[in-house]
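Residue numbers (the numbering used here), protein chains in the order written: chain A, 84 to 407; chain B, 233 to 625.
The beta carbon of each residue, even a glycine, is placed where N, CA and C say it ideally should be.
Source: prediction; values computed, not measured.
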Amino acid sequence: MDFELSDNQVALQEGVRNFCEGRFPMEVVRALGDRGAVDRDRWRELADMGVFSLRLPEAEGGVGLGWADAVLVFEELGRALVPGPLVWTHLLAGLVPGAASGETVVGGVERDDPSRLVEHLGSLDLLVVLDDKGVWGLQARAVESRQIATPLDPLTPVWELTGELPRGDRLADAEAAAHLRLQGAALTAGLLLGLAEAATDLAVTYARERVQFDKPIGAFQAVKHLLADMFTRTEVARGAVYAAGVTLDDPIVGSVERAVAAAKLTAAEAAVANGRSCIQVHGGMGYTWEVDAHLYFKRAYALEPAFGGIDACADRMADLLAPS
Amino acid sequence: MDLRYTEAEEQFRRELREWLAEALPTLPPKPAPDDWPARRAYDTGWQRMLYDAGYAGINWPREYGGRGATLTEQLIYLEETTLAGAPYIGVNFVGLLHCGPTIMAEGTEEQKREHLPRILRGEEVWCQGFSEPGAGSDLASLSCRAVRDGDEYVVTGQKIWTSFAQVADYCELLVRTDPGSKHRGITWLICPMDTPGIEIREITTIVGSSEFSEVFFDGARIPVSNRVGEENDGWRVAMVTFSFERGTGFISDLVETNRLIGELAALAKKVTRRSGTAWDDIALRREIGHLQAEMDALWAMTKRNLAQAERHGIPGPASSVVKVYYSELFQRLTDLAMRVLDRASLSREDVGDLPSGIFVEERLRSTSFTIAAGTSQIQRNIIAERILGLPKG
Numbered sequence: 084m085d086f087e088l089s090d091n092q093v094a095l096q097e098g099v100r101n102f103c104e105g106r107f108p109m110e111v112v113r114a115l116g117d118r119g120a121v122d123r124d125r126w127r128e129l130a131d132m133g134v135f136s137l138r139l140p141e142a143e144g145g146v147g148l149g150w151a152d153a154v155l156v157f158e159e160l161g162r163a164l165v166p167g168p169l170v171w172t173h174l175l176a177g178l179v180p181g182a183a184s185g186e187t188v189v190g191g192v193e194r195d196d197p198s199r200l201v202e203h204l205g206s207l208d209l210l211v212v213l214d215d216k217g218v219w220g221l222q223a224r225a226v227e228s229r230q231i232a233t234p235l236d237p238l239t240p241v242w243e244l245t246g247e248l249p250r251g252d253r254l255a256d257a258e259a260a261a262h263l264r265l266q267g268a269a270l271t272a273g274l275l276l277g278l279a280e281a282a283t284d285l286a287v288t289y290a291r292e293r294v295q296f297d298k299p300i301g302a303f304q305a306v307k308h309l310l311a312d313m314f315t316r317t318e319v320a321r322g323a324v325y326a327a328g329v330t331l332d333d334p335i336v337g338s339v340e341r342a343v344a345a346a347k348l349t350a351a352e353a354a355v356a357n358g359r360s361c362i363q364v365h366g367g368m369g370y371t372w373e374v375d376a377h378l379y380f381k382r383a384y385a386l387e388p389a390f391g392g393i394d395a396c397a398d399r400m401a402d403l404l405a406p407s
Numbered sequence: 233m234d235l236r237y238t239e240a241e242e243q244f245r246r247e248l249r250e251w252l253a254e255a256l257p258t259l260p261p262k263p264a265p266d267d268w269p270a271r272r273a274y275d276t277g278w279q280r281m282l283y284d285a286g287y288a289g290i291n292w293p294r295e296y297g298g299r300g301a302t303l304t305e306q307l308i309y310l311e312e313t314t315l316a317g318a319p320y321i322g323v324n325f326v327g328l329l330h331c332g333p334t335i336m337a338e339g340t341e342e343q344k345r346e347h348l349p350r351i352l353r354g355e356e357v358w359c360q361g362f363s364e365p366g367a368g369s370d371l372a373s374l375s376c377r378a379v380r381d382g383d384e385y386v387v388t389g390q391k392i393w394t395s396f397a398q399v400a401d402y403c404e405l406l407v408r409t410d411p412g413s414k415h416r417g418i419t420w421l422i423c424p425m426d427t428p429g430i431e432i433r434e435i436t437t438i439v440g441s442s443e444f445s446e447v448f449f450d451g452a453r454i455p456v457s458n459r460v461g462e463e464n465d466g467w468r469v470a471m472v473t474f475s476f477e478r479g480t481g482f483i484s485d486l487v488e489t490n491r492l493i494g495e496l497a498a499l500a501k502k503v504t505r506r507s508g509t510a511w512d513d514i515a516l517r518r519e520i521g522h523l524q525a526e527m528d529a530l531w532a533m534t535k536r537n538l539a540q541a542e543r544h545g546i547p548g549p550a551s552s553v554v555k556v557y558y559s560e561l562f563q564r565l566t567d568l569a570m571r572v573l574d575r576a577s578l579s580r581e582d583v584g585d586l587p588s589g590i591f592v593e594e595r596l597r598s599t600s601f602t603i604a605a606g607t608s609q610i611q612r613n614i615i616a617e618r619i620l621g622l623p624k625g
């Protein structure tokens with residue numbers, strides 16, 4: 084057993100981090116919010132980086148890596164607040180032509196989702212629908228909807244479905260749909276872990292610089308303990324998120340369902356709580372649009388419900404622990 | 233990254249499991265919590281069995297008679313012994329995990345020869361004389377005084393929170409040798425507990441037991457040859473011990489916590505309410521599931537800490553992260569258990585056919601988890617200052 088990143092994984096992580104710092108710096112990310120969040124040129128750059136084809140076999144133009152590698156990549160994307168339907172496009176890269184290469188932007192929704200909200204619908208080529216019968220593909224343009232003028236996260240625009248969703252073309256069966264839900268939860272947990280880290284970094288940096296009562300505010304224990312808790316939550320979630328990736332690759336080491344539920348729950352809690360603390364540490368400035376703290380906070384809430392929220396994960400854990 | 237055990241690790245697990253299955257039924261009945269001589273006999277007897285089977289000092293290097301196991305093997309050892317219900321390290325704790333490693337690192341050849349084999353065989357029990365009434369979180373402000381008189385130190389002062397003092401042969405004692413200096417005025421001594429001038433007074437704890445004692449020194453004379461390290465260098469010597477565990481420190485506690493969450497779920501199914509059982513209450517059930525998710529995450533993090541320690545040699549302050557999270561998780565677990573038990577929690581003994589006593593007991597006992605061995609507040613300071621690089625207050 085050696086539950087530490089391999090040299091290749093460290094290189095992958097650094098490569099994606101450098102790419103994000105170069106191509107998705109915060110001013111670019113913020114500007115994307117004004118342009119519908121998905122920019123086709125940058126989307127193709129993500130594809131060229133291997134974000135969508137990462138796990139496809141090399142014979143199919145992929146990189147041939149596993150889920151453990153994928154969660155590391157998504158952690159970096161989350162850290163950089165890269166917007167767009169990253170998880171769905173990655174999940175469908177083997178099933179939908181053009182998804183892996185970045186030509187086709189893929190989003191998704193559960194057919195029985197009572198909120199009737201779909202993220203990024205206006206930027207999608209294909210909308211994937213999951214239900215208890217399988218996985219279905221719909222031309223996104225054909226879906227009746229209205230855009231919500233004020234989404235929670237300015238970088239996660241949402242549309243409300245106004246008509247019945249057409250049945251669509253069958254892409255895969257119900258078992259595949261069940262797998263996609265687990266895999267989607269693991270990748271989302273990766274994004275949330277990255278958010279939790281980025282919020283911690285931002286808050287720590289500010290606490291070292293901001294002076295009150297003639298000291299950096301980070302010298303006060305009340306502030307220190309907020310920051311220590313941010314770090315602690317992140318590290319605990321990291322264990323679970325990496326374990327979920329490894330378990331998806333090698334199910335002999337444990338229950339995939341349980342590993343994914345633990346990862347999604349702890350990463351979502353870390354991201355939400357750290358977003359909140361990041362604002363708190365920034366004081367009044369944390370309440371402004373100008374400081375990035377709100378972007379982490381809002382993205383955390385936007386991702387928390389995806390593929391099963393905190394409570395759904397806890398309920399699943401309870402069922403796995405002792406079936407009713 | 234991988235979580236699969238190697239064939240050699242699986243083999244180690246199988247052999248240990250087989251041995252435990254044979255050895256545990258031969259143990260005498262567990263002694264009463266306050267019968268200290270019986271507890272000593274029980275714990276040291278178990279240590280001798282481990283020694284004879286080649287499992288003593290699982291984390292000690294081979295050159296000192298230990299097993300020299302890899303960290304993963306240590307994890308397996310702690311997991312299997314806890315799950316099998318093997319005796320806890322008990323009165324051997326200080327010897328095996330604190331002063332033994334300190335003597336290995338800083339002791340003279342003579343000190344090593346005298347103490348290390350006896351600790352391994354369960355023939356020598358140690359206690360710890362660090363904390364004082366005036367020196368808790370700020371341990372380096374300790375004032376128990378040692379004055380040099382020829383080839384002896386004359387010790388006067390008081391220690392507190394000393395476990396196993398009633399039955400210990402030796403005490404790892406931190407004393408003030410230079411009142412003019414704080415961290416650099418402390419010395420580490422091997423103090424035989426039969427030295428004249430030592431008085432022990434038991435403290436009755438929140439659970440009503442005598443887990444800890446106060447130890448009073450009134451002109452107790454300790455040979456200078458019992459000093460470990462140089463005079464006034466005792467703080468550094470004491471710190472060596474703290475980095476010895478390399479992230480394995482809380483593994484049995486985590487295994488036990490995980491087991492207890494499963495037991496709480498089973499208990500919730502037995503506790504009846506006006507309508508159905510506690511497990512039928514979605515809010516309680518969800519909280520139990522929530523704790524299990526956090527527990528699994530903590531366990532995964534521990535495996536990462538071990539892998540990092542194995543790779544880079546040092547655990548770093550990651551142990552503070554484990555301690556803060558584990559101790560508070562355990563308190564939330566036992567608090568939840570009290571709510572699941574409802575009025576059955578009024579008794580510390582099992583009520584009806586419910587295995588309730590253990591949870592009430594653990595709720596009381598676990599109040600110490602966020603205090604002992606560095607409070608949660610001190611741990612958060614360590615995380616903020618040593619990991620996040622925030623300025624000292």
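Strictly below 9 Å CB to CB, what residues from chain B border Arg341(A)? Within the first sequence, the letter at position 258 stands for residue 341(A). Here the neighbours are Gln524, Ala525, Asp528.
List, from N- to C-terminal side, the beta strand (DSSP E) runs of 3 residues or more that fit wholly inside the stretch 360-410 of chain B. 377-381, 384-395, 402-408
Between Glu193(A) and the rest of its own chain, which residues show a CB-CB distance below 8 Å, the 5 nearest in sequence each way excluded? By one-based count along the first sequence, residue 193(A) stands at place 110. Closer than 8 Å at the Cβ level, and outside the excluded window around Glu193(A), lie Val212, Leu213, Asp214.
Delimiting residues of the beta strand (DSSP E) encompassing Arg453(B): The residue given as residue 453(B) occupies position 221 in the second sequence. For Arg453(B), the enclosing beta strand (DSSP E) stretches over residues 444-455.
Pull up the DSSP beta-bridge partners for His208(A), would you. For this step, residue 208(A) is matched to residue 125 along the first sequence. Checking the sequence shown, residue 208(A) turns out to be Asp, not His. Paired residues: none, contrary to the question.
Can a CB atom of chain A be found closer than 8 Å to the CB of Ala510(B)? Taking the second sequence and counting its residues from 1, the one referred to as residue 510(B) is at position 278. Judged by the 8 Å Cβ criterion, Ala510(B) is not in contact with chain A.
Taking the C-alpha atoms as reference points, what is the distance between His262(A) and Val218(A)? In the first sequence, the residue the question calls residue 262(A) occupies position 179. In the first sequence, the residue the question calls residue 218(A) occupies position 135. Computed Cα separation, rounded: 11 Å.
Name the residue from Val188(A), Leu129(A), Glu158(A), Glu243(A) whose alpha carbon lies nearest to the alpha carbon of Gly328(A). By 1-based counting over the first sequence, the position of residue 328(A) is 245. Ranking the options by Cα distance to Gly328(A), first place goes to Glu158(A).
Quick one: residues in its chain with C-beta nearer than 6 Å to the C-beta of Tyr309(B), no 5 flanking neighbours on either side, listed in chain order? Residue numbering aside, residue 309(B) sits at position 77 when the second sequence is read from its first letter. Cβ neighbours of Tyr309(B) beyond the five flanking positions: Ile290.
Thinking C-beta only, is Leu309(A) closer than 8 Å to Val364(A)? In the first sequence, residue 364(A) corresponds to position 281, counting from 1. In the first sequence, residue 309(A) corresponds to position 226, counting from 1. Going by C-beta atoms, Val364(A) is nearer than 8 Å to Leu309(A).
Whose C-alpha, out of Gly369(A), Ala397(A), Val294(A), is nearest the C-alpha of His522(B)? By 1-based counting over the second sequence, the position of residue 522(B) is 290. With distances taken between Cα atoms, His522(B) lies closest to Ala397(A).
What residues from chain B crowd round Glu318(A), counting only those whose CB sits closer than 7 Å? In the first sequence, residue 318(A) corresponds to position 235, counting from 1. What Glu318(A) touches in chain B: Met533, Val553.
What residues of chain B sit near Arg321(A), judged by a beta carbon separation below 8 Å? Here residue 321(A) refers to the residue found at position 238 when the first sequence is read from its first residue. Residues of chain B passing the Cβ test: Met533, Arg536.
Interface flag, Arg236(B) vs chain A, CB-CB below 8 Å: Along the second sequence, one-based indexing puts residue 236(B) at 4. Yes, Arg236(B) counts as interfacial toward chain A.
Given that Pro299(A) touches chain B, what residues does it touch there, using C-beta distances under 9 Å? The residue you call residue 299(A) lines up with position 216 of the first sequence. Residues of chain B passing the Cβ test: Leu622, Pro623.
Excluding the five sequence neighbours on either side, which residues of its own chain have a C-beta within less than 7 Å of the C-beta of Trp251(B), listed in chain order? Looking up residue 251(B) in the second sequence gives position 19. Counting only Cβ-Cβ distances below 7 Å, and skipping sequence neighbours, we find Ala285.
Partners in chain B for Gln92(A), counting only beta-carbon separations shorter than 8 Å: For the purposes of this step, residue 92(A) is taken as the residue at position 9 of the first sequence. The answer, in chain order, is Met233.
Can you check which of these residues, Arg253(A), Leu155(A), Pro334(A), Ser206(A), is closest to Leu178(A) by C-alpha distance? Sequence index remark: in the first sequence, residue 178(A) carries index 95 (1-based). Comparing alpha-carbon positions, the option among Arg253(A), Leu155(A), Pro334(A), Ser206(A) lying closest to Leu178(A) turns out to be Arg253(A).
By the three-class DSSP mapping on this structure, what secondary structure does Asp512(B) have? If you number the second sequence from 1, residue 512(B) lands on position 280. Asp512(B) falls in the helix class under three-state DSSP.
Applying a beta-carbon distance threshold of less than 9 Å, which residues of chain A neighbour Glu241(B)? For the purposes of this step, residue 241(B) is taken as residue 9 along the second sequence, with counting starting at 1. Identification of chain A residues near Glu241(B) by a Cβ-Cβ cut-off of 9 Å yields Met84, ordered along the chain.
So, is His330(B) buried or exposed, given that buried needs 16 or more other C-beta atoms within 10 angstroms? In the second sequence, the residue the question calls residue 330(B) occupies position 98. Classification of His330(B): buried, given that the 10 Å Cβ count is 16 or more.
Quick one: is Phe296(A) near chain B, going by C-beta distance under 8 Å? Stepping through the first sequence from its first residue, residue 296(A) is reached at position 213. Chain B, which has no Cβ nearer than 8 Å to the Cβ of Phe296(A), makes this no.
Once the 5 residues before and after Ala345(A) are set aside, which same chain residues still bring their CB inside 6 Å of it? In the first sequence, the residue the question calls residue 345(A) occupies position 262. Here the set comprises Ala323.
Cβ-based burial, Asn101(A) [other Cβ within 10 Å; buried from 16]: Within the first sequence, numbered from 1, the residue matching residue 101(A) stands at position 18. Taking all protein chains in view, the Cβ of Asn101(A) is surrounded by fewer than 16 other Cβ atoms within 10 Å, so the residue is classified as exposed.
Local conformation of Ser608(B) per DSSP, three classes: Within the second sequence, numbered from 1, the residue matching residue 608(B) stands at position 376. Note: Ser608(B) maps to helix in three-state DSSP.
Any C-beta of chain B under 8 Å from that of Ser89(A): Along the first sequence, one-based indexing puts residue 89(A) at 6. So yes, Ser89(A) belongs to the interface.
DSSP has Cys361(A) in a bridge; who is on the other side? Position 278 of the first sequence holds residue 361(A). The partner list for Cys361(A) (beta bridge, DSSP) is empty, contrary to what the question assumes.
Within the same chain, show all residues whose beta-carbon is closer than 6 Å to that of Gly337(A), passing over the 5 residues directly before and after it, in chain order. Walking along the first sequence from the start, residue 337(A) turns up at place 254. If we look at Gly337(A) and ignore the five residues flanking it on each side, its Cβ neighbours are Thr330.
Inter-residue spacing [alpha-carbon to alpha-carbon] between Glu526(B) and Gly367(A): Translated into positions along the second sequence, residue 526(B) becomes position 294. Translated into positions along the first sequence, residue 367(A) becomes position 284. The alpha-carbon atoms of Glu526(B) and Gly367(A) are separated by roughly 32 Å.
Minimum Cβ-Cβ distance from Thr304(B) to chain A less than 8 Å: Locating residue 304(B) in the second sequence gives position 72, counting from the first residue. Yes, Thr304(B) lies at the interface with chain A (some Cβ there is under 8 Å from its Cβ).
Proximity below 8 Å, CB of Leu432(B) to CB of Leu374(B): As a first step, residue 432(B) must be located in the second sequence, where it is residue number 200. As a first step, residue 374(B) must be located in the second sequence, where it is residue number 142. Note on residue identity: the sequence assigns Ile, not Leu, to residue 432(B). Result no, Cβ atoms of Ile432(B) and Leu374(B) do not sit closer than 8 Å.
Nearest candidate by alpha-carbon position, reference Asp401(B), set Glu346(B), Gly508(B), Thr602(B): The count along the second sequence starts at 1 and reaches residue 401(B) at position 169. Out of Glu346(B), Gly508(B), Thr602(B), Glu346(B) has the C-alpha closest to the C-alpha of Asp401(B).
Taking C-beta pairs closer than 7 Å, name the residues in chain A that Ala498(B) reaches, listed in chain order. On the second sequence, residue 498(B) is found 266 positions in, with the first residue counted as 1. The answer, in chain order, is Ala405.
Hey, is the stretch 112-127 of chain A in contact with the stretch 162-181 of chain A, meaning 3+ C-beta pairs nearer than 8 Å? With a cut-off of 8 Å, the stretch 162-181 of chain A and the stretch 112-127 of chain A count as touching, because enough Cβ pairs lie within range.
Using only the alpha-carbon positions, how far apart do Phe449(B) and Glu443(B) sit? Along the second sequence, one-based indexing puts residue 449(B) at 217. Along the second sequence, one-based indexing puts residue 443(B) at 211. About 20 Å.
Answer yes or no: do Arg536(B) and Glu87(A) have a C-beta to C-beta separation smaller than 8 Å? If you number the second sequence from 1, residue 536(B) lands on position 304. If you number the first sequence from 1, residue 87(A) lands on position 4. For Arg536(B) and Glu87(A), yes; Cβs fall inside 8 Å.
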